[in-house]
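**Q**
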Amino acid sequence: MPKLSIRDLTLEGKRAFVRVDFNVPLSESGTITDDTRIRQTLPTLEYALGRGARLILASHLGRPKGNPNPKMSLALVAKHLSSLLRRPVAFAPDCVGPEAERYAASLGNGELLLLENLRFHPDEEANDPEFSRQLGQMADCYVNDAFGSAHRAHASTAGITEFMPVSAAGFLMEKELEYLTKATSSPERPYIALLGGAKVSDKIAVIRNLLPLVDALLIGGAMAYTFLRARGDQTGKSLVEEDKLDLAKNLLAEAEQKKYRLQLPVDHVIARKMDAAAETRTVDGSSTPIPSDYMGLDIGPETVKLYAAQIAQAKTVVWNGPMGVFELEPFAQGTLSMAKALASLKGTSIVGGGDSIAAVAQAGVAERITHISTGGGASLEFLAGKKLPGVEALTDK
Ligand code: AMP
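With the first letter of the sequence shown counted as 1, position 252 gets the number 373 in the numbering used here; the numbers rise by one all the way through.
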């Protein structure tokens, strides 16, 4: 790795600002429903604490849009972390200001503190220099272990490093970068990308950048319907982003002209409503178009066969985004079949994005995936060849 790692830092007696990703899912009643993200940072935290560092941890949680919101407080994460580490974790009720600074200054060697949600301040996402300075002045060095936020240039992922003598990657960050670099800098071919999910708008840049790199890009999920409509197909009530039709049309034309393999579903599971009890039908969309009062909610069995056959031939596959509304059983087959196809791959499989990770777990094949990335958006941007601001900001080796 061209960037410094936490292994390269002298930690004894030093205050280290560690950007972690504790953006965990919470239930309605405010309990943590999945603590994977917290557990994944434990190696970095235990390593640093064991070497006598004084840790100031910071994270975002949810989208409080720049305002304090007790529903998105990290206080309960501090408690949970304390039980995982089996040592006290202090909690500062604001991430900057005199109180946070007092907490940071009072840390002894091998002690740690979690700051309140960074996004309670609009300055975090604005990457405000004064806010970055205030975060930075509490510490002697910086460690970023929040790969999932590395594609954002925020105060805690980028701005802060301007005020730090040295900035390094934590173990989780390092592992992500190693896997993703190894798999894709000179990927074993055939190299296939499988993309799904709801919104084309989220992924259009990624699709454009990935197309020349992969041997085939297979599309599923609601996203497919914007492309199908752009191609002139009838898509009924399927989720289509009307304002992205021109973009989709251009992309299809570019793919055709440059002979990129951009593949769309050849059949669909459709229903009148997005409802587990709705009556479903399967149509191919061409000889039998999607009727005007139906919507496409999953890829159909022929598409599953077609995509699975290509995945079976591949040596590298990256997957992000479900193939249908997999939360509802009648529309989950496409997504679960893709999870199984990836698991049978004799090569490298990389899965990113919360829904695809959930699908792989639901299909019971998580252990057979080469790398499950903690950052959906970050891994996609990395795979598409973009530089991640949170990685660029780290100190060169
Ligand atoms: P994203 O956040 O863009 O990755 O989208 C994930 C969501 O897309 C999931 O909640 C799926 O239920 C939803 N989704 C996938 N396929 C469809 C579809 N055909 N119609 C509506 N929603 C879909």
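For glycine and all other residues, C-beta sits at the position ideal for the given N, C-alpha and C.
These numbers were taken from a predicted model, which means no experiment stands behind them.
Please specify which runs of the alpha helix (DSSP H), each continuous and at least 4 residues long, are wholly inside the segment 414-448, giving them in chain order.
**A** Fully enclosed alpha helix (DSSP H) runs of 4 or longer: 422-434.
**Q** Give me the Cβ distance between V321 and T347, rounded to the nearest whole Å; I'm assuming they're in contact under 8 Å.
**A** Right, their Cβ atoms sit about 5 Å apart.
**Q** Looking at the ligand AMP, does it come within less than 7 Å of F268, judged from the CB to the closest heavy atom?
**A** Checking every heavy atom of the ligand AMP against the Cβ of F268, none is found closer than 7 Å.
**Q** Output the distance between the C-alpha atoms of N330 and A499, rounded to the nearest integer angstrom.
**A** If I take the Cα positions, the gap works out to 14 Å.
**Q** Can you list the alpha helix (DSSP H) stretches of 4 or more residues lying completely in the segment 286-332, in chain order?
**A** You should have 292-306 and 321-331.
**Q** Near V287, which residues of its chain fall below 8 Å by C-beta distance, leaving aside the five closest residues on each side in sequence?
**A** Around V287: L125, L130, C262, Y263 and T516.
**Q** Just the C-alpha distance for G445 and I490, rounded to the nearest angstrom, thanks.
**A** Going by the C-alpha atoms only, they are around 20 Å apart.
**Q** Count the other CB atoms, across all protein chains shown, that sit within 10 Å of the CB of N441; report buried if there are 16 or more and exposed otherwise.
**A** Its Cβ being crowded by 16 or more others within 10 Å, N441 is buried.
**Q** What residue from N190, I281, L195 and M344 has the CA that sits closest to N144's CA?
**A** For the residues N190, I281, L195 and M344, the minimum Cα distance to N144 belongs to L195.
**Q** In chain order, which continuous runs of the alpha helix (DSSP H) of length 4 or greater are located wholly inside the segment 459-510?
**A** List check, alpha helix (DSSP H) in window: 475-483 and 497-504.
**Q** Expressed to the nearest angstrom, what Euclidean distance is found between the alpha-carbon atoms of A260 and M285?
**A** The straight-line gap from Cα to Cα measures roughly 8 Å.
**Q** Using 8 Å as the threshold, is the C-beta distance between A429 and S458 below it?
**A** Yes; because the gap between Cβ atoms is below 8 Å, this pair is in contact.
**Q** For a test of your reading of the model: does the CB of P443 fall under 7 Å from any non-hydrogen atom of the ligand AMP? Yes or no.
**A** The answer is yes for P443.
**Q** For the ligand AMP, is there any heavy atom lying closer than 7 Å to the beta carbon of A319?
**A** Checking the Cβ of A319 against the ligand AMP gives yes.
**Q** Are the beta-carbon atoms of L383 and A374 separated by less than 8 Å?
**A** Contact flag unset, no.
**Q** In whole angstroms, give me the CA-to-CA distance for V438 and L338.
**A** Taking the straight line from one Cα to the other gives about 10 Å.
**Q** Check T278 in the structure and name its three-state DSSP category.
**A** Looking at T278 - three-state DSSP - the assignment turns out to be coil, as it is neither helix nor strand.
**Q** Pull up the distance between the alpha-carbon of R310 and that of T302, whole angstroms please.
**A** Going from the Cα of R310 to the Cα of T302 covers about 15 Å.
**Q** Taking 7 Å as the cut-off, is the beta-carbon of A343 closer than that to any non-hydrogen atom of the ligand AMP?
**A** Flag set: Cβ of A343 near the ligand AMP.
**Q** Does at least one heavy atom of the ligand AMP sit under 7 Å from the Cβ of V287?
**A** Incorrect: V287 has no Cβ contact closer than 7 Å to the ligand AMP.
**Q** Can you look up L202 in the DSSP assignment and give me helix, strand or coil?
**A** Note: L202 maps to helix in three-state DSSP.
**Q** Going by other Cβ atoms of all chains shown within 10 Å of its Cβ, with 16 needed for buried, is V122 buried or exposed?
**A** Here residue 122 turns out to be Met, not Val, going by the sequence shown. It counts as exposed.
**Q** What does DSSP give as the partner residue(s) for Y263 in the beta ladder?
**A** According to DSSP, Y263 bridges with F138 and S288.
**Q** Out of S253, L228, S150 and L166, which has the shortest C-alpha to C-alpha gap to L239?
**A** Cα-wise, what sits closest to L239 is S253.
**Q** In the DSSP assignment, what are the bridge partners of L383?
**A** In DSSP, L383 forms a bridge with L338.
**Q** Looking at V361: is its Cβ nearer than 8 Å to the Cβ of F452?
**A** Not in contact: V361 and F452 (Cβ atoms no closer than 8 Å).
**Q** Which residue spans inside the segment 206-249 form an unbroken alpha helix (DSSP H) run of at least 4?
**A** With a minimum length of 4 residues, the continuous alpha helix (DSSP H) runs that stay inside the segment 206-249 are 219-226 and 243-246.
**Q** With DSSP run on the structure shown, which of helix, strand or coil describes R172?
**A** R172 falls in the coil class under three-state DSSP.
**Q** Using DSSP with H/G/I as helix, E/B as strand and the rest coil, what is A271?
**A** The answer is coil: DSSP assigns A271 none of H, G, I, E or B.
**Q** Whole angstroms is fine: what's the gap from F268's alpha carbon to L163's?
**A** Rounded to the nearest angstrom, the two C-alpha atoms are 14 Å apart.
**Q** Under 7 Å: does the beta carbon of D388 sit that close to some heavy atom of the ligand AMP?
**A** Outside the cutoff, so no.
**Q** Check D367 in the structure and name its three-state DSSP category.
**A** D367 falls in the helix class under three-state DSSP.
**Q** On the DSSP bridge assignment, give the partners of S126 in chain order.
**A** S126 pairs with A290.
**Q** In terms of DSSP beta bridges, what is V145 paired with?
**A** Partner(s): none; V145 has no beta bridge.
**Q** Looking only at its own chain, which residues have a Cβ that is under 6 Å from the Cβ of M193, when we skip the five neighbours before and after it?
**A** Same-chain partners within the cutoff: L182, G183, P185 and N238.
**Q** Please list, in chain order, all residues of the same chain as S413 whose beta carbon is under 8 Å from its beta carbon, the five residues on each side excluded.
**A** Excluding positions up to five away in sequence, the list reads Q355, G357 and K358.
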